[in-house]
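Enquirer: So that we are looking at the same thing, I have put the structure below in structure tokens.
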Amino acid sequence: MASKRYERRLDAANLQVRAADTEPNGEPKPIVLSGYAAVFDEPTTLFADANSKVVEVIRPGAFGRAIRENQDVRALVDHNPTLLLGRTRSGTLKIWEDSKGLPFEVTLPNTQVARDLAENVRLGNASQCSFAFAPAPGGETSRTEQDGGIRVTYIELTDVDLFDVSIVTYPAYPGTTVSVEARCKAIASTNPTRSGRVSRRRNLRKAAALRLADHHLSKRGR
Numbered sequence: 201m202a203s204k205r206y207e208r209r210l211d212a213a214n215l216q217v218r219a220a221d222t223e224p225n226g227e228p229k230p231i232v233l234s235g236y237a238a239v240f241d242e243p244t245t246l247f248a249d250a251n252s253k254v255v256e257v258i259r260p261g262a263f264g265r266a267i268r269e270n271q272d273v274r275a276l277v278d279h280n281p282t283l284l285l286g287r288t289r290s291g292t293l294k295i296w297e298d299s300k301g302l303p304f305e306v307t308l309p310n311t312q313v314a315r316d317l318a319e320n321v322r323l324g325n326a327s328q329c330s331f332a333f334a335p336a337p338g339g340e341t342s343r344t345e346q347d348g349g350i351r352v353t354y355i356e357l358t359d360v361d362l363f364d365v366s367i368v369t370y371p372a373y374p375g376t377t378v379s380v381e382a383r384c385k386a387i388a389s390t391n392p393t394r395s396g397r398v399s400r401r402r403n404l405r406k407a408a409a410l411r412l413a414d415h416h417l418s419k420r421g422r
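All the letters of the sequence shown, read from the start, carry residue numbers 201 to 422 under our numbering.
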């Protein structure tokens, strides 16, 4: 599995809470949270200014290998490993690909964190999601073009390792957003020669910043 780790937030898709009837013994049934963690073929602008822009897109099949390998993916709150909601290895988190993107479904534990999250989703207070990933070797390509005097760098993800799917409180963290802009600007400003492409790849790998894009989740029936 690749070592560098990034996060990505996307504008998309349908968070649902399927709640609680009761079991025959009168105990409440587990609450299931589901939605989309990523969508395919939707370009996301990571950075833009007057002279340059960085655009990233996830292609169909990008998560296929991670799913086939049964990578041990967690469901978290705010990417905090102490706020654990589910895990693929235990069967409480399920992820798969369809024609739209990466759906997920997590059976929430009977913990205060999970109960609070379910209520906040129901009320619309928690409405965004993010996933943590790393591009696999050969699973990321980039090219730079001129578009009306603006240098545009296109990044395409075709194969990634998955670490977690996370429900998040804010659309972006201020410190992280600054780092993302600095990182993307460095990529976009690199000379588009062979050595420039190598430099861009180096910048991409060295950067500790997270890739972020807002991922809006709507509750069921909203």
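Here a beta-carbon is modelled for each residue, glycine too, at the ideal position from N, C-alpha and C.
Can you have a look at T393 and say buried or exposed, based on whether 16 or more other CB atoms are within 10 angstroms of its CB?
Expert: Stepping through the sequence shown from its first residue, residue 393 is reached at position 193. With a pLDDT of 46 at T393, under the threshold of 50, the modelled position of that residue is not reliable, and no figure is offered here.
Enquirer: Is DSSP giving V313 helix, strand or coil here?
Expert: Position 113 of the sequence shown, counted from the start, is the residue given in the question as residue 313. If DSSP states are grouped into helix, strand and coil, V313 belongs with the helices.
Enquirer: Under the rule that 16 or more other beta-carbon atoms within 10 Å means buried, what is A250, buried or exposed?
Expert: Along the sequence shown, read from residue 1 onward, the residue named residue 250 stands at position 50. Under this definition A250 is an exposed residue.
Enquirer: What residues are listed by DSSP as bridge partners for V321?
Expert: Here residue 321 is taken as the residue at index 121 of the sequence shown, counted from 1. In the DSSP output, where bridge partners are listed per residue, V321 has none listed.
Enquirer: Considering only C-alpha positions, which residue in the set D364, T369 and I350 is nearest to D272?
Expert: On the sequence shown, position 72 is the one that residue 272 refers to. The shortest C-alpha separation from D272 is found at D364.
Enquirer: Count Cβ pairs between the region 299 to 311 and the region 226 to 235 that sit closer than 8 Å; are there 3 or more?
Expert: At 8 Å Cβ cutoff, the stretches touch.
Enquirer: Is the region 336 to 352 touching the region 320 to 327, taking contact as three or more C-beta pairs under 8 Å?
Expert: No contact exists between the region 336 to 352 and the region 320 to 327.
Enquirer: Buried or exposed: where does G301 fall if 16 or more other Cβ atoms within 10 Å of its Cβ makes it buried?
Expert: Indexing the sequence shown from 1 puts residue 301 at position 101. G301 comes out buried.
Enquirer: Just how far apart, CA to CA, sit A334 and V217?
Expert: Your numbering for residue 334 matches position 134 in the sequence shown. Your numbering for residue 217 matches position 17 in the sequence shown. Rounded to the nearest angstrom, the two C-alpha atoms are 28 Å apart.
Enquirer: G338: buried (16+ other C-beta within 10 angstroms of its C-beta) or exposed?
Expert: Counting from 1 along the sequence shown, the entry for residue 338 is found at position 138. Exposed.
Enquirer: Among R289, D298, G264 and V254, which residue has its Cα nearest to the Cα of A275?
Expert: Translated into the one-based positions of the sequence shown, residue 275 becomes position 75. It is R289 whose Cα lies nearest to the Cα of A275.
Enquirer: Tell me the DSSP secondary structure of G235 in three-state form.
Expert: As a working note, residue 235 is residue 35 in the sequence shown. G235: strand per DSSP, three-state reduction.
Enquirer: One question on the structure: do F263 and V360 come within less than 8 Å of each other, judged by their Cβ atoms?
Expert: As a position in the sequence shown, residue 263 is number 63, starting the count at 1. As a position in the sequence shown, residue 360 is number 160, starting the count at 1. Closer than 8 Å, so yes.
Enquirer: Consult DSSP for G301 and reduce its assignment to one of helix, strand or coil.
Expert: Looking up residue 301 in the sequence shown gives position 101. Strand at G301.
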